[in-house]
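Notes follow the structure.
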Amino acid sequence: MIYDVVIIGAGPAGCAAGMYVGRARLRAAVIEQFSAGGQLLNYHRVENYPGFPEGIDAFELSDRFVKHMEAFGVERINATVEGIDNAKEKIKKIVTSTGVVETKSIIIASGATPKKLNIPGEKEFTGKGVSYCAVCDGPFYRDQDVVVVGGGDSALEEALYLTRFASKVSLIHRRDRFRATKILQDRVAENGKITTIMNTTVSEIKGGNEGVQKITLFNKANQETYELSTKGVFIFVGLEPNTSFIPKEVKVDEQGFIITDDRMQTSVEGIFAAGDVRVKPLRQIVTAVSDGAVAAFSASQYVESL
Amino acid sequence: MAGKNVVEITDKNFEQEVSKSDIPVLVDFWAAWCGPCRAIAPVIEELANEYAGKIKIGKCNVDENPITPSRYGIRAIPTLIFFKNGSVVEQITGAVAKSQIAAVIDRIVS
Numbered sequence: 001m002i003y004d005v006v007i008i009g010a011g012p013a014g015c016a017a018g019m020y021v022g023r024a025r026l027r028a029a030v031i032e033q034f035s036a037g038g039q040l041l042n043y044h045r046v047e048n049y050p051g052f053p054e055g056i057d058a059f060e061l062s063d064r065f066v067k068h069m070e071a072f073g074v075e076r077i078n079a080t081v082e083g084i085d086n087a088k089e090k091i092k093k094i095v096t097s098t099g100v101v102e103t104k105s106i107i108i109a110s111g112a113t114p115k116k117l118n119i120p121g122e123k124e125f126t127g128k129g130v131s132y133c134a135v136c137d138g139p140f141y142r143d144q145d146v147v148v149v150g151g152g153d154s155a156l157e158e159a160l161y162l163t164r165f166a167s168k169v170s171l172i173h174r175r176d177r178f179r180a181t182k183i184l185q186d187r188v189a190e191n192g193k194i195t196t197i198m199n200t201t202v203s204e205i206k207g208g209n210e211g212v213q214k215i216t217l218f219n220k221a222n223q224e225t226y227e228l229s230t231k232g233v234f235i236f237v238g239l240e241p242n243t244s245f246i247p248k249e250v251k252v253d254e255q256g257f258i259i260t261d262d263r264m265q266t267s268v269e270g271i272f273a274a275g276d277v278r279v280k281p282l283r284q285i286v287t288a289v290s291d292g293a294v295a296a297f298s299a300s301q302y303v304e305s306l
Numbered sequence: 001m002a003g004k005n006v007v008e009i010t011d012k013n014f015e016q017e018v019s020k021s022d023i024p025v026l027v028d029f030w031a032a033w034c035g036p037c038r039a040i041a042p043v044i045e046e047l048a049n050e051y052a053g054k055i056k057i058g059k060c061n062v063d064e065n066p067i068t069p070s071r072y073g074i075r076a077i078p079t080l081i082f083f084k085n086g087s088v089v090e091q092i093t094g095a096v097a098k099s100q101i102a103a104v105i106d107r108i109v110s
């Protein structure tokens with residue numbers, strides 16, 4: 001069995017691509033190691049997806065994406081992708097944890113993972129105070145003081161979310177201004193539970209058997225180092241691409257994101273990329289699904305040209 | 001919520017199902033509102049089927065069972081705790097690949 005197109009990853013980009021290739025009546029499959037949904041599953045509510053002015057529950061949107069794809073007959077393969085062989089050949093081989101999948105074209109929609117700070121104590125206290133998912137772990141911090149590290153949309157959104165549980169949220173950002181959307185900045189400024197600590201980096205996370213107790217901060221403006229007591233450290237400092245399996249022929253930028261043209265074509269013919277895994281200026285659900293549609297269209301054209 | 005090989009672990013049955021189990025036990029601490037918990041649910045189910053008889057795999061809902069999670073200091077979910085003879089031998093936090101969980105199981109059951 002040789003597929004026309006195999007999509008790697010069933011987040012928003014992969015599901016959108018799946019829906020389009022399904023409608024194009026291509027022989028298609030999507031490989032996913034977890035439940036479908038991707039990073040969407042880390043969020044609570046989505047407020048910036050067009051068509052949902054009141055916002056939509058992240059699980060519901062994710063379920064709708066999956067159902068929409070499945071409605072057009074795309075096969076699901078539950079496996080972890082380990083590599084891609086014969087990348088430059090007409091028939092490419094995707095090596096997975098459950099076997100080899102042969103396909104004429106590939107859409108890489110494997111997404112990205114929250115970046116680590118890479119500071120002492122971070123790994124040691126992961127799950128014991130250090131978290132990368134406010135929706136998952138916020139409820140464990142009822143009436144406690146927590147900190148959020150970062151200055152983008154995710155950091156501010158999660159800080160706002162954590163105010164439902166925590167008594168106080170300190171938002172720590174290394175620059176003098178936030179990168180996040182203005183509406184989120186306004187909400188943070190208006191929220192009495194959030195204190196912002198600007199121009200400051202976290203250099204160490206300390207604790208004991210009970211988990212995190214304090215963090216060491218460095219204020220770049222006055223060169224001051226000091227400690228802050230906290231039970232929880234929520235880290236949202238950007239993303240790193242999930243690309244451990246991609247062949248060396250697929251070109252990436254210095255951060256490892258896959259380089260494509262505006263047709264989502266990578267440096268290898270027949271291999272496309274869509275969503276957070278590729279180099280792009282804005283990583284959002286709306287841009288992920290757009291990439292997925294374009295990649296599906298390009299893959300269809302490529303398969304027809306063979 | 002769980003397949004036939006996945007045992008529901010509660011504050012009430014923890015002693016019986018985990019502490020007194022003759023084979024190792026993996027407990028997946030989860031909640032309905034946790035996306036990564038939902039993400040790894042099929043993986044847990046598959047492992048429970050593949051390792052049936054070698055390791056007992058259970059799921060403990062942290063909302064319905066406050067005592068057990070706090071006893072093990074759970075402050076993040078999903079957290080997978082591996083027990084052998086009633087003691088904690090290994091712990092994994094967050095959604096990780098199936099192979100990573102399988103590697104720990106292999107090490108424990110061997």
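Here the protein sequences line up with chains A and B, keeping their order. 1 is the number of the first residue of the first sequence in the working numbering; add one for each residue after it. 1 is the number of the first residue of the second sequence in the working numbering; add one for each residue after it. Where is the CB? At the ideal position from N, CA and C, for every residue including glycine.
- In this chain, the alpha helix (DSSP H) harbouring E45 of chain B covers 35 to 50.
- Contact between the segment 101 to 109 of chain B and the segment 47 to 58 of chain B is present: 3 or more CB-CB pairs across the two stretches fall below 8 angstroms.
- Residues are counted here when their Cβ sits less than 8 angstroms from a Cβ of chain A; for the segment 17 to 42 of chain B these are A31, W33, C34, G35, P36, C37, R38, A39, I40, A41, P42, given in chain order.
- In this structure the segment 178 to 195 of chain A does not touch the segment 205 to 215 of chain A; the number of beta carbon pairs closer than 8 angstroms is below three.
- Distance check between G256 of chain A and each of A:A112, A:T200, A:T201 places A:A112 closest, using alpha-carbon atoms only.
- With a cut-off of 8 angstroms on Cβ pairs, the segment 84 to 101 of chain B is not in contact with the segment 59 to 69 of chain B, counting fewer than three such pairs.
- Chain order gives the chain B residues near K128 of chain A as G73, R75, A76, T93, where near means a beta carbon separation below 9 angstroms.
- A residue is called buried once 16 or more other Cβ atoms fall within 10 Å of its Cβ, and E190 of chain A, having fewer, is exposed.
- Secondary structure of N61 of chain B (DSSP, three-state): strand.
- Counting only runs of 4+ residues, the alpha helix (DSSP H) found wholly inside the segment 165 to 248 of chain A occupies 182 to 190, in chain order.
- Non-local C-beta neighbours of T196 of chain A in its own chain, meaning closer than 6 angstroms and more than five positions away in sequence, comprise L171, ordered along the chain.
- Restricting attention to beta strand (DSSP E) runs no shorter than 3 residues, the segment 121 to 146 of chain A encloses none.
- The bridge partners DSSP lists for P114 of chain A are A:L239.
- In terms of CA proximity to F52 of chain A, A:I285 leads the group A:V30, A:R175, A:I285, A:E304.
- Under the three-state reduction of DSSP output, K104 of chain A falls in the strand class.
- Counting C-beta pairs with one atom in each stretch, the segment 242 to 252 of chain A and the segment 262 to 270 of chain A have three or more that are closer than 8 angstroms, which means they touch.
- Annotated as proximal: I7 of chain A and I107 of chain A, with beta-carbon spacing under 7 angstroms.
- Within chain A, the residues placing a beta-carbon under 9 angstroms from that of A97 of chain B are Q33, F34, T80, S97, ordered along the chain.
- About 5 angstroms separates the Cβ atoms of R27 of chain A and D4 of chain A, confirming a contact at the 8 angstroms cut-off.
- Looking at the DSSP output, L26 of chain B sits in a beta bridge with B:I57, B:F82.
- Scanning chain B for C-beta atoms nearer than 8 angstroms to the C-beta of F59 of chain A yields G35, R38, reported in chain order.
- Residue-level contact by beta carbon fails for T68 of chain B and chain A, as no gap is shorter than 7 angstroms.
- Per DSSP, the continuous beta strand (DSSP E) segment holding K93 of chain A begins and ends at 92 to 96.
- Taking CB atoms only, T79 of chain B has a neighbour in chain A less than 7 angstroms away.
- Cβ-Cβ distances below 6 angstroms link G270 of chain A to S105, Y302 in the same chain, with the five nearest sequence neighbours on each side left out; the list follows chain order.
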